[in-house]
Amino acid sequence: MAPVTLYFHGLPGSAAELASFGPDIAARARRFHVAPRGGDFAQLANRIAARFPDGPFVLVGFSLGAAAALQVAPHLGERVARIDLVSPAAPLQLGDYLGGMAGAPVFRAALAGAVPFAALTIVQAQVARFAPAKLAAALMAKAKGEDRALAADPQFIAALAKSLRHSLLADRAAYMAEIRAYVCDWRAGLARVHQPVSIRQGSEDDWTPPAMADALAKALPDCTGLQMEPGLSHFSTLRAYLEGQPPA
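First residue of the sequence shown: 0, per numbering that gives the first Met the number 0; consecutive thereafter.
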């Protein structure tokens, strides 16, 4: 039986990520099933197993979706054939990475407590409600590497704006819960990920730094390889990964 590919999108993020690089790449990602989010990771695994009761899984985690994939995987056990991580967000406590991460203000607010994080999220949500394209453009204003071309692509900005509205408005509770879970120290959980894991990382990534990917590779029990992508950054590494998928 062919494996079911489950896609764990970034945060903010949505299924729109898979369609943000044009129709050819979107067609290659058509077989991806977007994993549910919200609730604890054992509950997510139960929801996934109930939806797909038979056969193996391939988990694909992008950005903060990588953290979710790694924490869901132990609950799915032997049904997970492999895990592909793209621009992965690893535990912050693996090293001193926060100062070099573009999402640092969000993570610092979450570390500061529920009230500061809620206040920041409310402000972001209002901008996402009334000016989502401007918020998307602002997030990409300091893009590095090949992400600079994406920042100038109206189709990509529109998809990013859609993802921002999804996370900050439609699915805000799940977004906030997962960000707060991410900033907690979940390093111990990496030892329970016994499935083979591959990592794709852009050398110019300023959302999830290359050093973070290197530390994650060393912390996982079965990392089959860390592929560094010269000149690529955060979203352009996802594009490269999707380009390499077989046609649907």
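Just so you know, even glycine gets a beta-carbon here, dropped at the ideal spot from N, CA and C. Nothing here was measured: the structure is a model prediction, and the numbers come from that model.
Quiz prompt | Sub-9 Å separation of Arg179 and Ala109 beta-carbons | solution = Looking up residue 179 in the sequence shown gives position 180. Looking up residue 109 in the sequence shown gives position 110. Result yes, Cβ atoms of Arg179 and Ala109 sit closer than 9 Å.
Quiz item: Which value, in whole angstroms, describes the spacing of the CA atoms of Ala127 and Ser62?
Solution: In the sequence shown, the residue the question calls residue 127 occupies position 128. In the sequence shown, the residue the question calls residue 62 occupies position 63. Distance between the alpha carbons of Ala127 and Ser62 is about 20 Å.
Quiz item: Under 9 Å between the Cβ atoms of His74 and Phe40?
Solution: Here the question's residue 74 lines up with position 75 in the sequence shown. Here the question's residue 40 lines up with position 41 in the sequence shown. Result yes, Cβ atoms of His74 and Phe40 sit closer than 9 Å.
Self-check item: Proximal residues to Pro249 (C-beta, below 6 Å), its chain only, five neighbours per side dropped
Solution: The structure shown does not extend to residue 249, since the chain spans only 0 to 247, so no value can be given for it.
Quiz item: In or out: Glu77 buried (at least 16 other Cβ within 10 Å) or exposed?
Solution: Here the question's residue 77 lines up with position 78 in the sequence shown. Under this definition Glu77 is an exposed residue.
Quiz item: Of the residues Ala18, Phe51, Ser86, Ala157, which one's Cα is nearest the Cα of Phe79?
Solution: If you number the sequence shown from 1, residue 79 lands on position 80. For the sequence presented, residue 79 should be read as Val rather than Phe. Checking every option, the nearest Cα to that of Val79 belongs to Phe51.
Exercise. Can you give me the Cβ contacts of Phe155 inside the same chain, cut-off strictly under 6 Å, excluding the 5 residues immediately before and after it?
Key: Here residue 155 corresponds to residue number 156 of the sequence shown, with the count starting at 1. Ser19, Leu149.
Quiz item: Taking Ala26 as the reference, which of Ala34, Pro35, Glu16 has the closest Cα?
Solution: Along the sequence shown, one-based indexing puts residue 26 at 27. For Ala26, the nearest C-alpha among the options comes from Glu16.
Quiz prompt | Option nearest Phe7 by Cα separation, candidates Phe234, Ala28, Pro35, Gln42 | solution = As a position in the sequence shown, residue 7 is number 8, starting the count at 1. Of the candidates Phe234, Ala28, Pro35, Gln42, the residue whose Cα lies closest to the Cα of Phe7 is Pro35.
Self-check item: Rounded C-alpha distance that separates Phe106 from Val182
Solution: Against the sequence shown, residue 106 aligns to sequence position 107. Against the sequence shown, residue 182 aligns to sequence position 183. Taking C-alpha positions only, Phe106 is separated from Val182 by approximately 7 Å.
Practice problem: Just tell me which of Asp23, Met175, Val33, Thr4 has its CA closest to the CA of Ala14. | Solution: On the sequence shown, residue 14 is found 15 positions in, with the first residue counted as 1. Answer by Cα proximity: Val33.
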